[in-house]
Every structure is written in structure tokens, then in C-alpha cells.
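Below is one structure, written out as C-alpha cells, with a few remarks after it.
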Amino acid sequence: MTEPRYSEEELKQLNKQNAKTYEIDGKRVTGYEAAQMQRRLEREYRKAQTQSDIFRESGNDIKAKDYKSKATAIKTTYDDLTDKVSGLYNSSERMRTYFAGAKPLTNGGGGGIMRISSPISSRKHPTGTPEGIELFGDKLNSRQTLLLDNLPKYDSKIIVSKRKVSMRDLSALTARENVEFAMFTKGNERLIIRGDAGSVNIDIRKAKELAEKGYKWSGHTHPGSAKAVLLPSCEDREILKCFNQKNSVTYNSIGKHYVFGEDEK
Amino acid sequence: MKEIYFEKLKEYCLNNGLSLEKLDKQERYLIDGSFMTANPIKIPNSDGLKTDLATQPKPTLIYDVETDTISETEYTDLYLR
Chain U
7 MTEPRYSEEE LKQLNKQNAK TYEIDGKRVT GYEAAQMQRR LEREYRKAQT
57 QSDIFRESGN DIKAKDYKSK ATAIKTTYDD LTDKVSGLYN SSERMRTYFA
107 GAKPLTNGGG GGIMRISSPI SSRKHPTGTP EGIELFGDKL NSRQTLLLDN
157 LPKYDSKIIV SKRKVSMRDL SALTARENVE FAMFTKGNER LIIRGDAGSV
207 NIDIRKAKEL AEKGYKWSGH THPGSAKAVL LPSCEDREIL KCFNQKNSVT
257 YNSIGKHYVF GEDEK
Chain L
14 MKEIYFEKLK EYCLNNGLSL EKLDKQERYL IDGSFMTANP IKIPNSDGLK
64 TDLATQPKPT LIYDVETDTI SETEYTDLYL R
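Taken in sequence, the protein lines are chains U and L. Whatever position you read off the first sequence (first residue = 1), add 6 for the numbering used here. Whatever position you read off the second sequence (first residue = 1), add 13 for the numbering used here.
See below:
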């Protein structure tokens with residue numbers, strides 16, 4: 007588990023890439039810093055767009071327009087940044103919000119979206135729910151905070167007892183950090199690994215090693231709140247084969263999940 | 014149910030000039046009340062979760078079962094036209 011993420015050759019390439027700097031908003035930033043800026047913009051965009059959708063559905067068109075303008079401005083900045091920095095790619099799927107594609111309440115008998123029956127400021131719900139964190143900027147609960155403290159950066163790992171973490175907790179962490187998390191279970195222990203916006207440092211070889219040690223792949227998260235975010239990748243299925251499992255699960259940033267299988271088409 | 018929903022998408026493709034042949038090659042998913050087709054993405058040197066997002070399929074058509082509506086996505090033209 008202590009093996010480096012990259013080979014020497016890959017590291018050289020990454021260092022070379024990271025040594026290159028870009029001028030963003032009058033400041034020189036490295037490729038890594040630009041990628042961090044991109045993650046922040048994705049998160050800010052989803053929050054502004056979600057606020058706009060909520061106000062629109064509650065009939066407050068003025069506020070809806072305000073937040074829409076904010077979201078549009080963030081998207082413009084995001085696109086400029088992505089164009090300017092080599093190695094960054096536009097991840098529109100992960101900027102899509104919960105409400106994207108939903109029909110207005112007055113035009114579909116519900117439209118599959120939540121009804122706003124009370125002001126946002128008067129909402130009462132438990133802390134630590136993925137949807138609360140993603141949609142309203144709520145805080146993590148204490149056990150999630152403890153987990154995050156032990157998973158501060160890419161490829162951080164922690165082993166905890168089974169009862170101290172669930173996939174919904176990882177969904178909450180994903181809502182907070184906008185990165186992937188993967189969970190593997192062996193007996194009463196769970197191994198959690200932090201990824202970045204689009205990957206976790208588990209290749210086929212490492213997956214086979216974990217399987218040999220007796221771990222099962224409980225699931226992993228994909229940042230974003232749209233249903234399409236839950237789609238399992240081709241490589242998700244390859245990892246599933248390594249564990250000789252029939253199913254695993256993907257969670258998005260609002261606690262929705264999808265159980266996928268090896269042979270599913 | 015997937016077959017029934019897929020028939021709806023076939024009809025949609027016929028009525029909107031989208032390729033049935035390409036639709037047949039799409040992966041099919043029923044996720045949280047939505048049936049969606051998605052184009053599989055393969056890349057060279059893919060390696061497990063290290064290339065997770067890069068190999069995530071792209072949604073091409075989404076059928077909302079509850080409202081009986083079909084939505085195109087930004088990938089519809091690219092993969093189904």
C-alpha cells in the first residue's frame with residue numbers, strides 16, 4: 007500500500023508539466039494549482055446553479071436570475087481556465103446539478119424534483135447528509151470530520167471499523183471535497199482511499215493485491231449530483247472482475263447510488 | 014422494463030433523425046427512475062480506478078419514467094447522429 011502512485015518516468019513528466027506556469031487572473035500558477043482552482047470552480051458552479059434552481063421552483067425569479075448570472079460567470083471563468091491550461095479537461099457531467107433536466111412543477115405533476123414548502127433558512131435536518139452538504143453547504147458531522155482529518159490528500163488511506171463508516175459518509179465527503187473516495191471491506195474493517203476529481207489510485211494490479219488479502223470492493227463515489235454521474239466506467243467493471251464480485255456500487259454527491267454488475271450492458 | 018423503455022428511445026430516434034444502429038451499440042441503464050443510454054468510452058492504457066472518469070460512459074438519451082419524457086444530452090448528436 008506504500009507503493010508510489012507514479013513510475014519514475016511518469017513523475018518526470020508530471021514534474022515537467024507542473025514546472026510550467028500559467029498566468030491566471032494576473033497571477034502565475036502551476037498546473038497543479040490550476041487543477042485545484044478548477045475543482046473549486048466546479049463546486050461553486052454547482053452551488054450557484056442549485057440555488058438558482060431552488061429559487062426558480064419556489065417562484066422567486068429575481069433571486070433565481072441573480073444566482074443564474076453568478077453560475078454563468080463561474081462557468082465562463084471555468085471554461086477560460088480549462089482552455090488556458092494544458093492537461094485540464096472540461097468535465098460538464100460533474101458540473102451538472104440535481105435539478106438539471108427536471109421539468110417545472112406545473113408541467114409534469116411533480117417533475118421528480120423537491121417541493122419547496124418552507125423558506126430555505128428555516129430548514130431543519132440532520133447534519134452530515136450528502137444532499138445537505140452538496141445543495142446547501144451544510145457541515146460534515148463529527149465522524150465524517152474525523153475521517154476527513156485522516157484523509158487530507160490524494161491517495162491518503164485509513165482503516166476503520168465497519169460501523170464507523172458507510173458509503174453515505176463517503177458520499178458526504180465527496181460533496182464536501184469534490185473528489186472520489188473508494189471503500190474496501192474485509193471482515194470488520196474498512197479501508198478508505200481518497201482519490202481526486204476523476205480517479206482513485208487503484209490500478210488493476212493493486213486491486214488484485216487487495217482481493218488476495220481478502221478485501222471486497224464495497225463501492226466508490228463520483229463527484230456531482232446528476233444521475234448520469236452514477237454511470238459506472240469501463241474500468242469500474244475491470245476492477246470488479248479483480249475482486250470476483252458480481253456487484254459494487256457508485257454513489258454521487260447527494261447520496262444517490264447505483265448498483266452495477268460485471269456483465270451489465 | 015428496460016426493453017420497453019428502449020423501444021421508446023428507438024421510436025424517438027426514428028422521429029428525430031437519430032441512428033438506430035448507433036443506439037443499439039449504447040449501454041443501457043435504469044438509474045433512480047430514469048432509463049438512459051450511454052456511449053462506452055475506451056482509452057489506451059486505461060488502468061482501473063486511475064482512469065475512472067476518463068472511461069465513464071457518456072449519456073446520450075435520458076427517458077424520465079415518471080413524466081414520460083425523453084431528453085437529449087450534449088452527447089446525443091456526437092454519438093447518435
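Even for Gly, the Cβ is constructed at its ideal location relative to N, Cα and C.
- U:I210 reaches chain L at D60 and G61, counting residues in chain order whose Cβ is nearer than 8 angstroms.
- For U:A188, the uninterrupted beta strand (DSSP E) run begins and ends at F187 to K192, by DSSP.
- Every alpha helix (DSSP H) stretch that sits fully inside the stretch 21 to 87 of chain L and reaches 4 residues is listed by chain position as 33 to 37.
- By the Cβ neighbour-count rule, U:N250 is exposed, with fewer than 16 other Cβ atoms within 10 Å of its own.
- Between the C-alpha atoms of U:K69 and U:G138 there is a straight-line separation of about 20 angstroms.
- DSSP places U:G225 in the strand class (E or B) of the three-state scheme.
- Think of a sphere of 8 angstroms around the beta carbon of U:I245: the chain L residues whose beta carbon falls inside it are G61 and L62, in chain order.
- Taking 8 angstroms as the upper bound on Cβ-Cβ separation, chain U lies near residues G61, L62, K63, T64, D65, L66, A67, T68, Q69, P70, K71, P72, I75, D77, E79, T80, T82, S84, T86 and E87 of the stretch 61 to 91 of chain L.
- According to DSSP, residue pairing for U:V206 in a beta bridge does not occur.
- Under the three-state reduction of DSSP, U:S254 is assigned to strand.
- Within a 10 Å sphere around the beta-carbon of L:M14 sit fewer than 16 other beta-carbons, which makes this residue exposed.
- Taking a beta-carbon distance threshold of 8 angstroms, L:P53 counts as an interface residue toward chain U.
- For the set U:P136, U:T103, U:K76 and U:K168, the Cα lying nearest the Cα of U:M189 is the one of U:K168.
- Residue range D67 to K90 is occupied by the alpha helix (DSSP H) that includes U:S75.
- Interface flag for L:I44 against chain U is set, since a Cβ pair is found closer than 8 angstroms.
- Less than 8 angstroms separates the beta-carbon of U:Y221 from that of U:L197.
- DSSP places U:I198 in the uninterrupted beta strand (DSSP E) bounded by E195 to R200.
- When DSSP states are grouped into helix, strand and coil, U:T56 belongs to the helix group.
- The criterion of a C-beta distance shorter than 8 angstroms is satisfied by U:Y264 and L:I44.
- L:I17 carries a helical assignment under DSSP once its states are collapsed to helix, strand and coil.
- In the assembly as shown, U:S254 is a buried residue. Its beta-carbon has 16 or more other beta-carbons within 10 Å.
- Rounded to whole angstroms, L:Q39 and U:E195 show a C-alpha spacing of 38 angstroms.
- Counting of Cβ neighbours within 10 angstroms places U:L216 among the buried residues, the total reaching 16 or more.
- Under the DSSP assignment, L:Y92 falls in the alpha helix (DSSP H) whose first and last residues are T89 to L93.
- Each of L:R41, L:Y18 and L:E34 was checked against the Cα of L:P70, and the nearest Cα belongs to L:R41.
- Within chain U, no residue has its CB atom less than 7 angstroms from the CB of L:S32, the nearest being about 18 angstroms off.
- In terms of beta-carbon proximity, L:M49 lines the interface with chain U, with at least one pair separated by less than 8 angstroms.
- Taking a Cβ-Cβ threshold of 7 angstroms, the residues of chain L close to U:Y264 are I44, in chain order.
- Contact check for U:E183 against U:V206 fails: the beta carbons are separated by 8 angstroms or more.
- Between L:L36 and L:K21, the C-beta spacing is not below 8 angstroms.
- Residue range K163 to S167 is occupied by the beta strand (DSSP E) that includes U:S167.
- Around U:K76, the same chain offers A54 as residues with beta carbons nearer than 6 angstroms, after the five sequence neighbours per side are excluded.
- In this chain, the alpha helix (DSSP H) harbouring U:I139 covers P136 to F142.
- Close to U:G201, with beta-carbon spacing below 8 angstroms, are these residues of chain L in chain order: L62 and D65.
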